[in-house]
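Below is one structure, written out as structure tokens; the observations come after it.
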Amino acid sequence: DGGITQSPKYLFRKEGQNVTLSCEQNLNHDAMYWYRQDPGQGLRLIYYSQIVNDFQKGDIAEGYSVSREKKESFPLTVTSAQKNPTAFYLCATRIEDRTDTQYFGPGTRLTVL
Amino acid sequence: DAKTTQPTSMDCAEGRAANLPCNHSTISGNEYVYWYRQIHSQGPQYIIHGLKNNETNEMASLIITEDRKSSTLILPHATLRDTAVYYCIVAGTGANSKLTFGKGITLSVRP
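Chains as they are written, first to last, in this note's numbering: chain C, 8 to 120; chain H, 11 to 121.
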């Protein structure tokens, strides 16, 4: 966290609605990531972006979409095509130094009613 | 296709060293061992990483066996705030590196 903000912290939506999760960073990191975490499980990679205007699918991209129009922002849209959207969503950035450390935001907990 | 295996849970007494093991028998030559931890309902936090030499920072020490098939994260003086899920991850570095988080090991520090 620190230089990464995710909003809102809790989000509720009705089944069949699209919803966009925000991720903003002021760390000046090129690479950004979206992960999903289900209860008692590890993190799974949804999408990642190495640079502005470019992004790649992760392991579970179906039902999600992203954009990377500027370096600071990497919003994630959970579409109605995502069958089980209720989860904890985490955004991360990666510093390009000898550690390649990823820094994580505080997360958004999405609940579909 | 998990690259690492960790026990499900362990506990230790406050003030004592916590030694968290990890097996990564299929690690390749250019892959690093990373450790992150996640306190409940927060984002993961980077702890340390290493290639083949032992590493130490202000948070922990990482001991990697000579054959690199296993490692141990050491928290020298565990506190109650160290209670968390600890993830051992094997990954390369650079633009295409991806972290694969398994279920991790739940460390409970008891008073």
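Here a beta-carbon is modelled for each residue, glycine too, at the ideal position from N, C-alpha and C. The structure displayed is predicted, hence computed values, not measured ones.
- Contacts between Y97(H) and chain C, judged by CB atoms closer than 9 angstroms, involve G49 and L50 in chain order.
- Interface residue (Cβ-Cβ distance to chain H less than 8 angstroms): P92(C) is not classified as such.
- T12(C) and E31(C) have their C-alpha atoms spaced approximately 5 angstroms apart.
- For K113(H), the chain C residues whose C-beta falls within less than 9 angstroms of its own C-beta are G47, Q48 and G49, listed in chain order.
- With a threshold of 8 angstroms between beta carbons, T118(C) makes no contact with chain H.
- Interface criterion met: the Cβ of L97(C) is under 8 angstroms from a Cβ in chain H.
- Looking at the DSSP output, K64(C) sits in a beta bridge with Y54(C).
- Under a 10 Å Cβ-count criterion, G114(H) is classified as buried, with 16 or more other Cβ atoms of the shown protein chains found around its own Cβ.
- DSSP, reduced to helix, strand and coil, places R78(H) outside both helices and strands of the structure shown, so it counts as coil.
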